[in-house]
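Mind the numbering: the sequence shown is residues 15 to 221 in the numbering used here, read in order.
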Amino acid sequence: MDFRSSEQAVGPRSEDVLPETATAAVKVVIVGGFGVGKTTLVGSVSEIKPLTTEETMTQAGVGVDDLQGVERKTSTTVAMDFGRISINEELVLYLFGTPGQQRFWFLWRGLFEGALGAVVLVDTRRLEVSFDVIGRLEERRVPFVVAINTFPEAPMYPIEEIRTALDLPLSVPIVDCDARLRGSSRDVLMTLMRYLQSLAVTADAVT
C-alpha cells in the first residue's frame, strides 16, 4: 500500500505557516454596508485560504436587508471573514471582514476588540449605506481609510466629492480600489498602514 499521499497531507500547508521572521501582527477590520465587497477583498488579498461564513440568503432577510443595488446577491456573511497577509518579512496583518447587515452589527464589539485600524469599503451607487458604518467607527475612535470599490456601471465622482458626501475630514485617506484584484486590495491595506504610522508619529510629537 502506498502511504505517500496521506503522509503529504499531514500538517499545515507551507503557505499557512506564519513566517519565522514575523515580529509584529496587526488586526485590521474590513467594514462597509451590505454587498460592498468585503468578502471579495479579504479573499483576493489573503495568503491563506480565507475563512468565510457565507450563507445563502433566505426569506429571513426579506423586508429586513436593503437589497437595492445588489438584487443579484445570493449569499451573505453572517459572522465574519478572516484572512492573513504578510506586508513584509516582519509585519503580518490579520483581516476580519464584518457582516454588512445591521441585524448582525451586534457582532462588531468582539470583532473590533484589539483592532488598530479599519478599511471602509464603499459603493458609489449606494453611499448612504456607509453613513452608519463610519459613524460607528468614529464613536469607537478607530482610525480608518475609505476605499471606493469598483462596480459595473457605478458612477465615478472626484474624491473630494466623496469626502464631502461622507462628511470626512481631510486627514482621512480615500483611495480607489478593485476588491477583486490582489494588488489593488494590498494597496488599500498599505494606505491604512501608512496612515496608522502617521497618526503614531503625530501622537509621539504631541507627547
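Here a beta-carbon is modelled for each residue, glycine too, at the ideal position from N, C-alpha and C. Just so it is clear, the structure is predicted and the values come from calculations on it, not from any experiment.
What does the alpha-carbon distance come out to for the pair G124 and M94?
11 angstroms
In the DSSP output, which residue or residues are listed as bridge partners for F96?
L65, F110.
Report back the beta-carbon spacing between P187 and T205 to the nearest angstrom; my notes put them in contact at under 8 angstroms.
Indeed they touch by this definition, with Cβ atoms about 5 angstroms apart.
Following the continuous beta strand (DSSP E) through V159, name the residue where it begins and the one where it ends.
V159 -> beta strand (DSSP E) spans 158 to 163.
Using alpha carbons as the reference points, say which of E61, E127, I44 lies closest to N163.
I44
Within its chain, find whatever has a CB closer than 7 angstroms to the CB of A39; leave out the 5 residues flanking it on each side and keep chain order.
V106, Y108
So, helix, strand or coil for Q211, using DSSP?
helix
Residues near R18 by beta carbon distance below 6 angstroms, same chain, minus five either side
For R18, the predicted model reports a pLDDT of 44, less than 50, meaning its position is unreliable; a value from the coordinates is still stated below. Correct list: empty, nothing qualifies.
Give me the residue from E34, T53, P172, V160 with the minimum Cα distance to L195.
T53
Look at the Cβ atom of L180, then the Cβ atom of V160, and state whether they are nearer than 8 angstroms.
yes
On the CB-based measure, 16 or more other CB atoms within 10 Å of its CB, does T112 come out buried or exposed?
buried
Of the listed residues G47, A217, G57, nearest to T138 (C-alpha basis):
When only C-alpha atoms are compared, the closest one is G47.
Assuming V147 is part of the alpha helix (DSSP H), what are its boundary residues?
145 to 154
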